[in-house]
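1 is the number of the first residue of the sequence shown in full-length UniProt numbering; add one for each residue after it.
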Amino acid sequence: MKTFSFDDIGIAKIFTDYSLTIPPHQRDYAWTEEEVVQLYSDLEAAYRKSSEYFLGTIVAIENEKTGELSVVDGQQRLTTTYLLLTAIRDFLQKNDTGKEISTSLQNTYLFNSDRREGFKQRLSLNTDDRHYFKQLTSKSTEEYWPPNESRTSHKLLREAYFLAVARVEAIANSVSGVDAPDTLNNWIDYLERSAQVILLRAHDQARAFKMFETLNDRGLRTSQADLVKSYLFGHSDGQVGLAQSKWSNMLENLQELGDDDPQVSFLRHYLIAFSGFVRADGVYDAIQTKYKTEGTAVSFLTSLADTSRIYTATFNAENEFWDDYSPITRKYLEDFNFFNLKPIRPLILATSTKFEKSEFEKTIKFLTSFSLRLVVSARTRSGANEQAFADAAIKVTSGDISNYIELTEALKKISVSDKDFEEIFANARVTKTALARYLLRELEHTCSPNKGEKEWVNSDPQQVTLEHILPKSIRGIGWDSFNADSHSEFKNRLGNLCLLKRSENNGMSNESFEGKKPFFEKSSLTLTYELSKTESWEPIEVENRQKKLAKLALRTWPSS
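Quick look at the structure:
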């Protein structure tokens with residue numbers, strides 16, 4: 001017997017030939033106005049050109065006994081098309097000459113009569129959306145069911161329906177009233193014959209999921225998350241309800257990250273931290289290999305739900321998780337997040353989960369320095385680094401590394417030495433304003449340790465500004481020591497940059513160095529004030545100042 005089959009078929013014809021269900025564990029309806037309008041606009045453009053329109057692949061598992069299709073991939077397109085057909089039905093139902101077409105559409109594409117279940121919908125959504133979707137699409141009057149305000153998917157379904165209504169009305173209004181039913185009937189034909197999909201019908205879950213993964217390279221992150229969810233729910237047997245609850249808890253926690261789709265990143269980082277290194281495209285296979293029974297699947301989901309709260313907290317130093325940690329911990333966590341180095345995320349997850357608060361404070365301070373050295377040295381994309389962080393993370397969660405000292409030893413082989421760091425720092429150009437501001441703030445704090453958290457610590461550019469001593473563009477006098485080449489060489493060197501409180505730099509602009517010195521002299525920031533004691537500003541002064549800053553950087557971001 002063939003393990004799968006595929007057909008070219010009009011998307012509306014799928015509704016006439018099959019009953020379709022969205023499995024309970026599949027995600028809710030998620031298309032926003034932009035995606036719905038895009039589909040309807042693309043269909044209309046193709047219709048007007050009398051050309052076929054390809055909507056992609058629909059992947060489903062076919063029940064050999066009933067012929068029913070369980071949709072693995074394509075639910076958003078199917079649901080949105082179904083809503084368009086519903087809107088056509090409802091418009092025609094109100095038109096005296098369109099009622100017969102409306103009834104035919106209803107019985108052919110939207111519902112069928114089942115001896116046991118009565119009036120049965122040809123497309124049934126997942127558990128959370130099923131009832132609302134049926135009520136929404138069963139009505140042919142103005143009394144549309146209001147959505148459950150706590151469910152985003154209900155509001156999106158309602159919005160998509162009314163977008164379909166507006167589109168149908170626009171199509172009908174583009175012709176004379178008497179021609180509207182025929183025009184909409186032609187639209188039904190178009191959706192059945194010319195709005196094409198490839199329908200891939202698999203006969204078992206594993207085959208469907210694998211085909212889903214293969215066919216969705218463009219949406220790799222989303223497809224892997226859906227594959228993982230489907231696989232784990234499918235292996236939860238009698239505990240599917242608990243499994244769904246734990247997955248939902250995980251999603252709620254991850255929503256705080258604001259990422260479009262943080263699920264695969266979290267799953268991968270979790271696996272690296274607790275099981276060992278896995279490639280970005282290997283998350284599904286790793287989970288499939290490791291969690292094969294009901295007990296392990298549900299236990300894994302429970303751990304995901306619990307750990308996702310900590311994972312989310314590591315991205316936000318203001319998260320309530322850190323309320324019992326020291327201000328120093330929160331400060332360095334905020335600094336670490338500034339660098340946004342994803343390869344270290346599993347290690348941060350591991351140490352925040354396993355280390356005592358005092359050990360984690362030392363650890364996050366160390367990893368912040370470690371990260372800064374990698375950033376300045378342009379070594380953040382090394383595969384060896386990613387493997388080393390992964391190895392350290394699994395040693396932390398297994399207990400082989402239990403404190404900050406052992407962790408520093410484990411990472412020594414990929415660390416940036418003091419010698420290399422000082423040399424690189426002494427010649428660094430910094431074109432990113434946020435990074436330059438961070439570096440100078442931290443260096444200022446090191447050379448003025450007794451100031452505490454005064455206004456200069458503020459990262460708000462409205463309070464503290466970044467200034468180029470040698471201006472970014474030379475329009476005035478007083479910069480004869482710099483030709484075009486040396487100006488390009490030195491203008492973005494860190495030694496040429498300083499911080500000034502906004503209240504202290506009014507009117508400085510592109511003054512000559514002599515004209516800027518009075519502003520420097522008024523500054524309460526040590527590194528800026530010292531500039532007022534410099535006689536002139538030439539390339540050698542930029543280099544000398546940056547060498548001094550490099551020495552200071554060794555104390556600011558120590559190697560251990």
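Glycine included, each C-beta is placed from N, C-alpha and C at the ideal position. No experiment lies behind these values; they were computed from the predicted model shown.
Per DSSP, the continuous alpha helix (DSSP H) segment holding Glu359 begins and ends at 357-376. It is roughly 7 Å from the alpha-carbon of Leu254 to the alpha-carbon of Pro262. Among the bridge pairs identified by DSSP, Leu499 is matched with Leu466. With respect to the C-alpha of Gly282, the residue from Glu294, His269, Thr293 having the closest C-alpha is His269. DSSP lists no bridge partner for Gly258. Under the three-state reduction of DSSP output, Lys120 falls in the strand class. Only residues of its own chain outside the window of five on either side were considered, and among them Lys357 have a CB closer than 6 Å to the CB of Tyr325, listed in chain order. In the structure shown, Thr312 falls within a helical segment according to DSSP collapsed to helix, strand and coil. Across the set Tyr53, Ile477, Ala297, Ser382, the C-alpha of Tyr53 shows the shortest separation from the C-alpha of Leu39. Only residues of its own chain outside the window of five on either side were considered, and among them Gln546, Lys547, Ala550 have a CB closer than 6 Å to the CB of Ala426, listed in chain order. If you draw a straight line from the Cα of Tyr82 to the Cα of Val264, it comes to about 30 Å.
A direct Cα-Cα distance of roughly 15 Å separates Phe274 from Ser402.
Just so you know, the alpha carbons of His487 and Ile348 end up roughly 41 Å apart. In this structure, DSSP gives Val37 a helical state, which the three-state scheme calls helix. In this structure, the straight-line span from the alpha carbon of Gly241 to that of Ala313 is close to 27 Å.
Under DSSP, Tyr53 forms a beta bridge with Ala195.
Per the coordinates, the alpha-carbon of Asp73 lies some 10 Å from the alpha-carbon of Ile61.
For Ser70, the enclosing beta strand (DSSP E) starts and ends at 69-73.
His131 counts as exposed, since fewer than 16 other C-beta atoms from the protein chains shown sit within 10 angstroms of its C-beta. Taking 8 Å as the cut-off, the beta carbon of Leu85 is found closer than this to the beta carbon of Ala12. Beta-bridge partners assigned by DSSP to Val59: Asp73, Leu200.
One thing to note: Leu20 has its Cβ within 8 Å of the Cβ of Leu123. Within 10 angstroms of the beta-carbon of Gln121 lie 16 or more other beta-carbons, which makes it buried.
Check the Cα spacing between Tyr404 and each of Val376, Phe389, Phe366, Leu440: the tightest is with Phe366. Rounded to the nearest whole angstrom, the CA to CA distance from Ser245 to Ser308 is 14 Å.
By the CB criterion at 8 Å, Ser377 and Val430 fall outside the cutoff.
Under the three-state reduction of DSSP, Asp480 is assigned to coil, being neither helix nor strand.
In this structure, the alpha-carbon of Ile198 lies about 6 Å from that of Ile58. For Arg429, the three-state secondary structure derived from DSSP is strand. With fewer than 16 other Cβ atoms inside 10 Å of its own Cβ, Glu34 counts as exposed. With a 10 Å radius around the Cβ and a threshold of 16 neighbouring Cβ atoms, Ser230 comes out buried. Within a 10 Å sphere around the beta-carbon of Thr433 sit fewer than 16 other beta-carbons, which makes this residue exposed.
Close CB contacts of Lys292 within its chain, under the 8 Å cut and outside five residues either way in sequence, are with His235 (chain order). DSSP places Tyr529 inside the alpha helix (DSSP H), whose first and last residues are 526-529.
In its chain, beyond the 5 residues on either side, Asn385, Glu386, Phe389 have a beta carbon closer than 7 Å to the beta carbon of Pro343.
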